[in-house]
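For the sequence shown, our numbering begins at 715 and goes up steadily by one. Okay, so here's the structure we're looking at.
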Amino acid sequence: MARLLRWSDDLCDSDVAAIERFLGPRLRYLQDAYAPETEEHRAATSLANLLSEIAPMLRSYVAARSLPPFGTPAEQTANAERLSSAVLLHWNWLVCVAEPWRSEPDFDQER
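Written as structure tokens, this is what we have:
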């Protein structure tokens, strides 16, 4: 069973991978099922492009949280806050992309 995410600080690489595994096949299916000039194909391609941009950025932010802090104490605090905000923002974007599939049986309601 998937773990319950309560805070963005709990987010890890496996959470990003799970949403990619959920969305990736669905978007590829739609891209393959519809001709390139159709609205369905364009919409699926747009969402796939978002996924391919947001997921790697989110992964890098998640990984950066484990790096040693640098700078003055005030800079360390500011850096940690910016990083936390970036993680939350990018995760929320991924969740927004996946939200239309919320009623699917394999949609992970806990993440």
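Even glycine gets a Cβ: it sits at the ideal position worked out from N, Cα and C.
In this structure L781 is exposed. Its beta-carbon is surrounded by fewer than 16 other beta-carbon atoms within 10 angstroms. The C-alpha of A812 lies about 13 Å from the C-alpha of N763. For D729 and R816, the gap between their C-alpha atoms comes out near 16 Å. Close CB contacts of P783 within its chain, under the 8 Å cut and outside five residues either way in sequence, are with Q790, N793 and A794 (chain order).
Separation of the CB atoms of G738 and L772 is rounded to 15 Å, and the pair is thereby denied contact status at 8 Å. A Cβ-Cβ contact shorter than 7 Å links D727 with V776.
Boundaries of the alpha helix (DSSP H) harbouring F736: D727 to A747, taken from the DSSP string. Judged by DSSP secondary structure, S722 falls outside any alpha helix (DSSP H); it is assigned neither H nor E. When DSSP states are grouped into helix, strand and coil, T791 belongs to the helix group.
In chain order, L719, V776, V801 and W805 place their CB closer than 7 Å to the CB of L725, counting only its own chain and leaving out the 5 sequence neighbours on each side.
Around the beta-carbon of A769, 16 or more other beta-carbon atoms lie within 10 Å, marking it buried.
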